[in-house]
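These notes are about the structure you will find just below.
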Amino acid sequence: MAEGDNARSTSCGIAIPVYYPAREVDYNNQLGMPGEHPFTRGIRPDMYRGRLWTMRQYAGYGSAAESNARFRYLIEQGARGLSVAFDLPTQMGLDSDHPLSLGEVGKAGVPICSLADMEKLFQGIRLEQVSTSMTINSTAAILLALYVAVARRQGAQTRRLAGTVQNDILKEYIARGTYIYPPQASMRLVTDLFAYTHRELPEWNPISISGYHFREAGATAVEEVAFTLANAIAYIEAALGAGLELDSFAPRLSFFFNAHSHFLEEVAKFRAARRLYARLMQQRFGARDPRSCSLRFHVQTAGSTLTAQQPDVNVIRTTIEALAAVLGGAQSLHTNSRDEALALPTEESARLALRTQQVIAYESGVTGTVDPVGGAYAIESLTDEIEAKAAGYIARIDALGGMVRAIEQGYVQREIQNAAFEHQRAVDSGENVVVGVNRFKVAEEPPIPILQIHPALETAQVEHLRQLRASRHSEQTTRALDAVERTAQTKENLLPAILEAVESYATLGEISDRLRRAFGLYRETVVW
Numbered sequence: 214m215a216e217g218d219n220a221r222s223t224s225c226g227i228a229i230p231v232y233y234p235a236r237e238v239d240y241n242n243q244l245g246m247p248g249e250h251p252f253t254r255g256i257r258p259d260m261y262r263g264r265l266w267t268m269r270q271y272a273g274y275g276s277a278a279e280s281n282a283r284f285r286y287l288i289e290q291g292a293r294g295l296s297v298a299f300d301l302p303t304q305m306g307l308d309s310d311h312p313l314s315l316g317e318v319g320k321a322g323v324p325i326c327s328l329a330d331m332e333k334l335f336q337g338i339r340l341e342q343v344s345t346s347m348t349i350n351s352t353a354a355i356l357l358a359l360y361v362a363v364a365r366r367q368g369a370q371t372r373r374l375a376g377t378v379q380n381d382i383l384k385e386y387i388a389r390g391t392y393i394y395p396p397q398a399s400m401r402l403v404t405d406l407f408a409y410t411h412r413e414l415p416e417w418n419p420i421s422i423s424g425y426h427f428r429e430a431g432a433t434a435v436e437e438v439a440f441t442l443a444n445a446i447a448y449i450e451a452a453l454g455a456g457l458e459l460d461s462f463a464p465r466l467s468f469f470f471n472a473h474s475h476f477l478e479e480v481a482k483f484r485a486a487r488r489l490y491a492r493l494m495q496q497r498f499g500a501r502d503p504r505s506c507s508l509r510f511h512v513q514t515a516g517s518t519l520t521a522q523q524p525d526v527n528v529i530r531t532t533i534e535a536l537a538a539v540l541g542g543a544q545s546l547h548t549n550s551r552d553e554a555l556a557l558p559t560e561e562s563a564r565l566a567l568r569t570q571q572v573i574a575y576e577s578g579v580t581g582t583v584d585p586v587g588g589a590y591a592i593e594s595l596t597d598e599i600e601a602k603a604a605g606y607i608a609r610i611d612a613l614g615g616m617v618r619a620i621e622q623g624y625v626q627r628e629i630q631n632a633a634f635e636h637q638r639a640v641d642s643g644e645n646v647v648v649g650v651n652r653f654k655v656a657e658e659p660p661i662p663i664l665q666i667h668p669a670l671e672t673a674q675v676e677h678l679r680q681l682r683a684s685r686h687s688e689q690t691t692r693a694l695d696a697v698e699r700t701a702q703t704k705e706n707l708l709p710a711i712l713e714a715v716e717s718y719a720t721l722g723e724i725s726d727r728l729r730r731a732f733g734l735y736r737e738t739v740v741w
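Note that the numbering used here has the sequence shown beginning at 214, numbered continuously upward.
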């Protein structure tokens with residue numbers, strides 16, 4: 214049945230309404246109508262009846278050319294959006310020929326050093342016609358500038374570009390570590406990107422505030438919600454401090470959550486996060502535009518739940534997690550592949566992961582009504598409890614002076630580490646069962662094919678970079694880099710200077726080095 218068709222029924226002909234209204238008890242008036250404050254039941258009145266979530270498969274490895282081939286394959290297989298994984302040097306502001314990049318080029322994602330690489334990455338893909346998410350933080354401003362530069366060369370109307378740049382630097386200080394500059398300088402880059410996209414890219418999400426990485430590091434569901442929204446508060450306050458109007462940027466804020474295997478808890482978590490955010494935006498910040506109160510989020514299934522043992526079982530884990538994300542009302546979704554505990558996914562595994570979403574969307578029937586689990590006693594009770602506990606965490610962070618101060622004091626890091634320890638203790642003791650790991654093992658497991666990254670790709674990438682530096686207009690590039698450094702020492706928005714630099718074929722590492730000179734480097738000095 215086509216999307217948008219209002220006639221929905223079960224396989225035996227029972228009509229499915231748009232939503233099931235609460236009966237007798239409305240759970241303290243907290244449910245409300247779909248698409249209305251506090252958005253417990255979803256951010257749109259019709260949710261997936263009108264438009265499915267974006268099926269956005271995360272990809273990037275080896276080289277820009279190989280990653281481009283994977284993107285085009287996923288689009289052919291029905292993916293609705295692209296999601297770019299960058300390698301570790303790119304995330305850290307290092308070119309592929311930097312000594313610290315040795316052995317890491319193309320391993321965790323695609324290496325992008327210059328406009329030439331970015332053009333190869335999107336060759337044959339019209340950027341006006343796709344939605345692109347880029348998982349990048351410290352160097353987010355540079356990668357966005359590269360994306361805009363490619364669109365310009367394609368003749369695209371840049372104001373029509375749609376997508377998201379992660380740009381969530383605070384969680385890097387907490388859970389991942391790919392920070393470069395001190396927090397205040399990093400926050401300046403974040404708010405500069407907010408202002409630039411509001412002015413130049415109105416359809417672009419300037420940040421994806423991420424709880425995913427907290428959960429991967431060991432956080433509980435409650436901590437994931439609390440720390441994500443506490444980060445959102447910090448970004449909003451920084452943007453307001455930079456002179457931006459709340460309702461000018463808040464409608465474009467987006468979020469990124471994890472979906473774990475505890476099905477009921479995960480569904481409730483998404484509903485609780487949406488409701489708590491709506492209340493924070495209205496009561497704390499005085500948002501007037503309803504879109505500013507509407508929490509839009511992407512979900513990725515949990516990489517940390519995947520096992521190297523019996524990898525086919527990961528398909529079942531991912532299906533459960535993906536279904537929780539859909540019942541929780543996600544706006545876009547990535548499903549992990551069965552072999553990701555062993556290597557980057559093969560083409561076959563990536564296709565199967567995408568098919569998982571498609572089966573849920575077109576065969577399960579859960580898209581026929583808004584919030585199909587709404588009103589379930591277990592779901593509503595869990596939603597209330599997660600919201601209350603997350604609000605308690607936010608109050609404690611406020612008492613510490615806000616999220617930046619809480620990070621500097623190590624509070625958030627300690628909470629996550631304690632939760633991770635408790636989880637691992639429960640697995641080691643057998644209290645928490647992990648199928649194939651601490652129960653239901655098999656004596657011998659047949660090998661499965663895994664993706665191999667050939668070492669020659671790194672050599673070729675370094676050679677391409679050498680040729681680029683030799684062929685570009687060096688004086689023009691130097692002038693553009695000087696302008697970046699000068700602008701960093703003022704209060705001017707950095708994005709125009711960075712865009713000019715990337716269009717003169719300055720490299721990501723060269724631009725990052727100029728910002729290092731202006732901002733300095735950050736070294737964690739938390740006292741535990």
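Backbone N, C-alpha and C fix where the C-beta goes; we use that ideal spot for every residue, glycine too.
Original post:
Between which two residues does the beta strand (DSSP E) containing Ile422 stretch?
Top reply: Walking along the sequence shown from the start, residue 422 turns up at place 209. Boundaries of the beta strand (DSSP E) around Ile422: 421 to 423.
Original post:
How would you label Ser770, buried or exposed, when you count the other beta carbons within 10 angstroms and need 16 or more for buried?
Top reply: The chain is shown only over 214 to 741; residue 770 falls outside these bounds and no answer can be derived.
Subject >> Separation of Phe732 from Leu188, as counted between CA atoms >> reply: Because the chain is modelled from 214 through 741, residue 188 falls outside the range shown and cannot be assessed.
**OP:** Could you pull out every unbroken alpha helix (DSSP H) segment of at least 4 residues lying fully inside the segment 425 to 470, listed in chain order?
**Re:** List check, alpha helix (DSSP H) in window: 425 to 429, 434 to 454, 459 to 462.
Subject >> Sequence-distant residues of its chain with Cβ nearer than 7 Å to Lys602 (five each side left out) >> reply: Along the sequence shown, read from residue 1 onward, the residue named residue 602 stands at position 389. So the list reads Val435, once near-sequence residues are dropped.
**OP:** Confirm, please, whether the CB-CB distance from Phe284 to Leu301 is below 8 Å.
**Re:** Stepping through the sequence shown from its first residue, residue 301 is reached at position 88. Stepping through the sequence shown from its first residue, residue 284 is reached at position 71. Result no, Cβ atoms of Leu301 and Phe284 do not sit closer than 8 Å.
Original post:
Alpha carbon to alpha carbon, what distance is there between Val323 and Ile663?
Top reply: Sequence index remark: in the sequence shown, residue 663 carries index 450 (1-based). Sequence index remark: in the sequence shown, residue 323 carries index 110 (1-based). Straight-line Cα distance between these residues: approximately 18 Å.
**OP:** Could you say which of Gly431, His511, Gln379, Trp417 lies nearest to Tyr448 if we only look at CA atoms?
**Re:** Position 235 of the sequence shown, counting from 1, holds the residue named residue 448. Considering only alpha carbons, the answer is Gln379.
**OP:** Taking 8 Å as the cut-off, decide whether the C-beta atoms of Asp310 and Leu678 are in contact.
**Re:** By 1-based counting over the sequence shown, the position of residue 310 is 97. By 1-based counting over the sequence shown, the position of residue 678 is 465. Yes, the Cβ-Cβ distance between Asp310 and Leu678 is below 8 Å.
Subject >> Three or more C-beta pairs below 8 Å linking the segment 621 to 638 and the segment 455 to 464 >> reply: The segment 621 to 638 vs the segment 455 to 464: no contact.
Original post:
For Ala282, does the three-state DSSP call read helix, strand or coil?
Top reply: Here the question's residue 282 lines up with position 69 in the sequence shown. Under the three-state reduction of DSSP output, Ala282 falls in the helix class.
**OP:** Kindly give me the distance between the Cβ atoms of Ser725 and Ile393, rounded to whole angstroms, as I take these residues to be in contact under 8 Å.
**Re:** Numbered from its first residue, the sequence shown carries residue 725 at position 512. Numbered from its first residue, the sequence shown carries residue 393 at position 180. Between Ile393 and Ser725 the Cβ distance is about 7 Å, and since that is below 8 Å, they are a contact.
Original post:
Which of helix, strand or coil does DSSP assign to Thr532?
Top reply: In the sequence shown, residue 532 corresponds to position 319, counting from 1. Three-state result, Thr532: helix.
Original post:
Among all the DSSP beta bridges, which residues are the ones paired with His511?
Top reply: Residue 511 sits at position 298 when you count from the first residue of the sequence shown. His511 is bridged to Phe469, Ser545.
Original post:
Counting pairs of Cβ atoms below 8 Å between the segment 273 to 284 and the segment 328 to 336, do you hit three or more?
Top reply: By the Cβ test, the segment 273 to 284 is in contact with the segment 328 to 336, since at least three Cβ pairs between them sit closer than 8 Å.
Subject >> Cα-Cα separation, Pro258 to Glu458 >> reply: Sequence index remark: in the sequence shown, residue 258 carries index 45 (1-based). Sequence index remark: in the sequence shown, residue 458 carries index 245 (1-based). Distance between the alpha carbons of Pro258 and Glu458 is about 27 Å.
Subject >> Among Arg488, Thr532, Gly456, nearest to Ala408 - alpha-carbon criterion >> reply: Counted from its first residue, the sequence shown places residue 408 at position 195. Minimum Cα distance to Ala408 is reached at Gly456.
Original post:
Taking DSSP as the reference, what is the three-state secondary structure of Leu694?
Top reply: Locating residue 694 in the sequence shown gives position 481, counting from the first residue. In this structure, DSSP gives Leu694 a helical state, which the three-state scheme calls helix.
Original post:
Where does Ser346 sit, in a helix, a strand or coil, going by DSSP?
Top reply: Within the sequence shown, the letter at position 133 stands for residue 346. Strand.
Original post:
Which full runs of the alpha helix (DSSP H) of 4+ residues lie inside the segment 306 to 391, going along the chain?
Top reply: If we require 4 residues or more, the alpha helix (DSSP H) runs fully inside the segment 306 to 391 come out as 328 to 334, 353 to 366.
Original post:
Does DSSP classify Ser296 as helix, strand or coil?
Top reply: Walking along the sequence shown from the start, residue 296 turns up at place 83. Reduced to three states, the DSSP call for Ser296 is strand.
Original post:
Counting only beta-carbon atoms, is Leu402 nearer than 8 Å to chain D?
Top reply: Considering every chain present, this structure includes no chain D. It has just one protein chain.
**OP:** Using the Cα positions of Glu216 and Gly588, report the straight-line distance between them to the nearest angstrom.
**Re:** Within the sequence shown, residue 216 is the residue found at index 3, counting from 1. Within the sequence shown, residue 588 is the residue found at index 375, counting from 1. With a pLDDT of only 47 at Glu216, under the threshold of 50, the placement of this residue in the model should not be trusted; the figure read from the coordinates follows. Looking at the two C-alpha atoms, the distance is approximately 25 Å.
Original post:
Skipping 5 residues on each side, what residues in its chain have a beta carbon closer than 6 Å to that of Leu414?
Top reply: Working through the sequence shown from its first residue, we reach residue 414 at position 201. Closer than 6 Å at Cβ, skipping near neighbours: Leu374.
Original post:
Do the CB positions of Cys326 and Thr720 come within less than 8 Å of each other?
Top reply: Taking the first residue of the sequence shown as position 1, residue 326 is located at position 113. Taking the first residue of the sequence shown as position 1, residue 720 is located at position 507. Yes, they are a contact pair.
Original post:
Roughly how many whole angstroms lie between the Cα atoms of Glu534 and Leu519?
Top reply: The residue you call residue 534 lines up with position 321 of the sequence shown. The residue you call residue 519 lines up with position 306 of the sequence shown. Straight-line Cα distance between these residues: approximately 11 Å.
Original post:
Is it true that the CB of Phe299 sits closer than 8 Å to the CB of Thr348?
Top reply: In the sequence shown, the residue the question calls residue 348 occupies position 135. In the sequence shown, the residue the question calls residue 299 occupies position 86. By the CB criterion at 8 Å, Thr348 and Phe299 fall inside the cutoff.
**OP:** Using only alpha-carbon positions, find the residue among Val512, Glu385, Arg504 that is nearest to Tyr271.
**Re:** Counted from its first residue, the sequence shown places residue 271 at position 58. Selection Val512, Glu385, Arg504 evaluated against Tyr271 yields Val512 as nearest (Cα-Cα).
Original post:
Given that a residue counts as buried once 16 or more other Cβ atoms are within 10 Å of its Cβ, and exposed if not, what is Val572?
Top reply: For the purposes of this step, residue 572 is taken as residue 359 along the sequence shown, with counting starting at 1. With fewer than 16 other CB atoms across the displayed protein chains lying within 10 angstroms of its CB, Val572 is exposed.
Original post:
Who are the Cβ neighbours of Leu315 in its own chain at under 7 Å, not counting the five residues just before and after it?
Top reply: Looking up residue 315 in the sequence shown gives position 102. Excluding sequence neighbours, Leu315 sits near nothing in its chain.
**OP:** May I ask you to report which of helix, strand or coil DSSP gives Ala683?
**Re:** The residue you call residue 683 lines up with position 470 of the sequence shown. If DSSP states are grouped into helix, strand and coil, Ala683 belongs with the helices.
Original post:
Any idea what DSSP makes of Arg609, helix, strand or coil?
Top reply: In the sequence shown, counting from the first residue as 1, residue 609 sits at position 396. In the three-state DSSP reduction, Arg609 falls in the helix class (H, G or I).
Subject >> Where Val640 falls: helix, strand or coil (DSSP) >> reply: As a first step, residue 640 is located in the sequence shown; it is residue number 427 there, counting from the start. Three-state result, Val640: helix.
Original post:
With DSSP run on the structure shown, which of helix, strand or coil describes Gln270?
Top reply: Counting from 1 along the sequence shown, the entry for residue 270 is found at position 57. Strand at Gln270.
Subject >> Where the alpha helix (DSSP H) containing Arg401 begins and where it ends >> reply: The residue labelled residue 401 in the question sits at position 188 within the sequence shown. Residues 396 to 413.
Original post:
With C-beta atoms as the reference, is His250 less than 8 Å away from Ala500?
Top reply: For this step, residue 250 is matched to residue 37 along the sequence shown. For this step, residue 500 is matched to residue 287 along the sequence shown. The Cβ atoms of His250 and Ala500 do not sit closer than 8 Å to each other.
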